[in-house]
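Engineer:
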Amino acid sequence: MTTYRPMPRFETGPVEVGNNLFAYLQWNGGWGISNAGFLVSDSSLMVIDALMAPSMAHEFVRSMRDISNAPFSHLINTHSHPDHTNGNQFIEGAEIIAHENCRDEMLQAKSLKAINGRGDKPGWIQDAWWNELENVDIVLPTTTYSEKMSLMYGSTEVELLHYGPAHTLGDTLVYFPESKILFTGDLAFFYAMPLCRGNMPNWVKICEIIDDMDVDLIIPGHGPTGGKRELQDMQEFMQFMVKEVQECFKNGMSEEEADKAIDIGDWAKWPEAERKTMNISNLYSTFQSQ
């Protein structure tokens, strides 16, 4: 098992990580508290993700406007989860780009909300957000891709990459090859326990792909910026979980029995360690479908 490393203090808000390229970081990366980013060109702004609560999105927009008044041209949704897409409506005028599965997942969520209403407040949603979220409109991506999409912003190349189901069914890596910077969305959680709603064995393979990429800096979906060492910390945890849960599954143990039997050691000190149970459930579903 890996040595536990507590989350370091880190700068929040807009942080310039490359030439006119900014990460937008939120402390402490917990449930619903995600990162975003933006690229400033001479004539427009390209945005990466749009955050959870309207108040978060408004502050994000204000921070971008402190740097540039250029219009929004594109918004990239790295995946479908609301802490990355609820703010879509506030990135006004932008063409929204995502993987085709991301759009499908968002459409399903929009349909379920229309049919069932809000329902009860999930435990992970902070009380302060609940009233805000009532008026969120799920704004769907307008452009989708299947495997890879390349964009040019002036002289800056941006690659959108999809390598199959992992955190969700429609995850996108946003890669800036010239500056060797990668925005992962929730394909990376740094100093916190990852959550899988897609396919964890394939997620491990995607970590291996990233490890082979020419990348110097990674902006995760949650937590501080980092590099391949932090990614490997997460990968080691997921490899351990896949191995241990698969063994429990093969031995005919129930999910509850597996949860009790698997000792994650120092990883239990990570924030959101309750996700262990959710990850076991997801892995059981994965193994049952094979």
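Each residue of the sequence shown is one higher than the one before, starting from 753 at the first, in our numbering.
Glycine included, each C-beta is placed from N, C-alpha and C at the ideal position.
If distances are taken between C-alpha atoms only, which option among Ser832, Asp794, Asn840 comes closest to Ser820?
Structural biologist: Looking up residue 820 in the sequence shown gives position 68. The shortest C-alpha to C-alpha distance from Ser820 to any of Ser832, Asp794, Asn840 is the one to Asp794.
Engineer: Using a threshold of 7 Å, state whether the C-beta atoms of Pro917 and Gly950 are closer than that.
Structural biologist: Counting from 1 along the sequence shown, the entry for residue 917 is found at position 165. Counting from 1 along the sequence shown, the entry for residue 950 is found at position 198. Contact: yes.
Engineer: Whole angstroms are fine: how far does the CA of Asn1034 sit from the CA of Cys948?
Structural biologist: Counting from 1 along the sequence shown, the entry for residue 948 is found at position 196. Counting from 1 along the sequence shown, the entry for residue 1034 is found at position 282. Answer to the nearest angstrom: the Cα atoms are 7 Å apart.
Engineer: For Gly839 and Leu803, which I take to be in contact (beta-carbon distance under 8 Å), what is that distance rounded to the nearest angstrom?
Structural biologist: In the sequence shown, the residue the question calls residue 839 occupies position 87. In the sequence shown, the residue the question calls residue 803 occupies position 51. The Cβ separation is near 4 Å, so the contact holds.
Engineer: Counting only the same chain and skipping the five closest in sequence on each side, list residues whose C-beta sits under 8 Å from that of Ile1014.
Structural biologist: Looking up residue 1014 in the sequence shown gives position 262. Cβ neighbours of Ile1014 beyond the five flanking positions: Met993, Glu996, Val997, Cys1000, Lys1028, Ile1032.
Engineer: Alpha carbon to alpha carbon, what distance is there between Val888 and Ser807?
Structural biologist: As a first step, residue 807 is located in the sequence shown; it is residue number 55 there, counting from the start. As a first step, residue 888 is located in the sequence shown; it is residue number 136 there, counting from the start. Approximately 11 Å between the Cα atoms of the pair.
Engineer: Helix, strand or coil for Asp1015 per DSSP?
Structural biologist: Along the sequence shown, read from residue 1 onward, the residue named residue 1015 stands at position 263. Three-state DSSP puts Asp1015 in coil, outside helix and strand.
Engineer: Tell me whether the beta-carbon of Tyr927 lies closer than 7 Å to the beta-carbon of Leu934.
Structural biologist: To locate residue 927, count along the sequence shown from 1; it is residue 175. To locate residue 934, count along the sequence shown from 1; it is residue 182. In contact: Tyr927 and Leu934 (Cβ atoms closer than 7 Å).
Engineer: Is Ser1033 helix, strand or coil when you go by DSSP?
Structural biologist: Numbered from 1 along the sequence shown, position 281 holds the residue referred to as residue 1033. If DSSP states are grouped into helix, strand and coil, Ser1033 belongs with the helices.
Engineer: Check whether the Cβ atoms of Ile849 and Val799 lie closer than 7 Å to each other.
Structural biologist: Within the sequence shown, numbered from 1, the residue matching residue 849 stands at position 97. Within the sequence shown, numbered from 1, the residue matching residue 799 stands at position 47. No, they are not a contact pair.
Engineer: Between the Cα of Glu1049 and those of His914, Thr764, Gly782, Ile877, spot the shortest distance and give me the residue it belongs to.
Structural biologist: Absent from the model: residue 1049. The displayed extent of the chain is 753 to 1042, so no value can be given.
Engineer: In the DSSP assignment, find the beta strand (DSSP E) that holds His810 and state where it starts and stops.
Structural biologist: Residue numbering aside, residue 810 sits at position 58 when the sequence shown is read from its first letter. Segment 806-819 is the alpha helix (DSSP H) holding His810; no beta strand (DSSP E) there.
Engineer: Using C-beta distances below 7 Å, list every residue in its chain close to Gly1072, excluding the 5 sequence neighbours before and after it, in chain order.
Structural biologist: Within the shown structure, residues of the chain are numbered from 753 to 1042, placing residue 1072 beyond reach of any answer.
Engineer: Put Val994 into one of helix, strand or coil per three-state DSSP.
Structural biologist: Taking the sequence shown and counting its residues from 1, one reaches residue 994 at position 242. Here Val994 sits in helix by DSSP.
Engineer: Could you check what DSSP says for Leu791 in three-state terms: helix, strand or coil?
Structural biologist: Position 39 of the sequence shown, counted from the start, is the residue given in the question as residue 791. Looking at Leu791 - three-state DSSP - the assignment turns out to be strand.
Engineer: What are the partner residues of Tyr776, as DSSP defines its beta bridges?
Structural biologist: As a working mapping, residue 776 is identified with position 24 in the sequence shown. Beta-bridge analysis with DSSP links Tyr776 to Pro766, Ala788.
Engineer: Check whether the segment 889-896 and the segment 778-792 are in contact - that is, three or more C-beta pairs closer than 8 Å.
Structural biologist: no
Engineer: Closer than 8 Å by C-beta to Glu847: which residues in its own chain qualify, once you throw out the five before and the five after it? Chain order, please.
Structural biologist: Translated into the one-based positions of the sequence shown, residue 847 becomes position 95. Correct list, in chain order: Ser825, His826, Leu827, Thr894, Thr895.
Engineer: Let me make sure I understand the geometry here. Which of Asp964, Ile962, Ala788, Arg870 has the alpha-carbon closest to that of Asp801?
Structural biologist: The residue labelled residue 801 in the question sits at position 49 within the sequence shown. Answer by Cα proximity: Ala788.
Engineer: If contacts are defined as beta-carbon pairs under 8 Å, then Arg757 and Tyr943 qualify, I think. What distance do you get, rounded to the angstrom?
Structural biologist: Reading the sequence shown from its first residue, position 5 is the one you call residue 757. Reading the sequence shown from its first residue, position 191 is the one you call residue 943. Rounded, the Cβ-Cβ distance is 7 Å, consistent with contact.
Engineer: Which first and last residues belong to the beta strand (DSSP E) in which Thr936 is found?
Structural biologist: As a position in the sequence shown, residue 936 is number 184, starting the count at 1. Element bounds for Thr936: 933-941.
Engineer: When you compare only the Cα positions, how much space is there between Glu763 and Leu777?
Structural biologist: Sequence index remark: in the sequence shown, residue 763 carries index 11 (1-based). Sequence index remark: in the sequence shown, residue 777 carries index 25 (1-based). Each residue's alpha carbon lies about 7 Å from the other.
Engineer: With 16 other CB atoms within 10 Å as the buried threshold, where does Glu1026 fall?
Structural biologist: For the purposes of this step, residue 1026 is identified with residue 274 of the sequence shown, where counting begins at 1. Exposed, because fewer than 16 other Cβ atoms sit within 10 Å of the Cβ of Glu1026.
Engineer: According to DSSP, is Ala850 part of a helix, a strand, or is it coil?
Structural biologist: As a working mapping, residue 850 is identified with position 98 in the sequence shown. DSSP places Ala850 in strand when its eight states are reduced to three.
Engineer: So, helix, strand or coil for Thr977, using DSSP?
Structural biologist: Working through the sequence shown from its first residue, we reach residue 977 at position 225. In this structure, Thr977 counts as coil in the three-state DSSP scheme.
Engineer: Give a yes or no on whether the C-beta atoms belonging to His831 and Asp968 are separated by under 7 Å.
Structural biologist: Against the sequence shown, residue 831 aligns to sequence position 79. Against the sequence shown, residue 968 aligns to sequence position 216. No. Outside cutoff.
Engineer: Can you give me the Cβ contacts of Lys873 inside the same chain, cut-off strictly under 7 Å, excluding the 5 residues immediately before and after it?
Structural biologist: Your numbering for residue 873 matches position 121 in the sequence shown. Answer for Lys873: Trp882, listed in chain order.
Engineer: Out of Glu1024, Ala940, Gly1004, state which residue places its alpha-carbon closest to the alpha-carbon of Ile970.
Structural biologist: Counted from its first residue, the sequence shown places residue 970 at position 218. For Ile970, the nearest C-alpha among the options comes from Ala940.
Engineer: Here's the rule: buried if 16 or more other CB atoms are within 10 angstroms of the residue's CB, otherwise exposed. What is Asn1003?
Structural biologist: Taking the sequence shown and counting its residues from 1, one reaches residue 1003 at position 251. So Asn1003 ends up on the exposed side.
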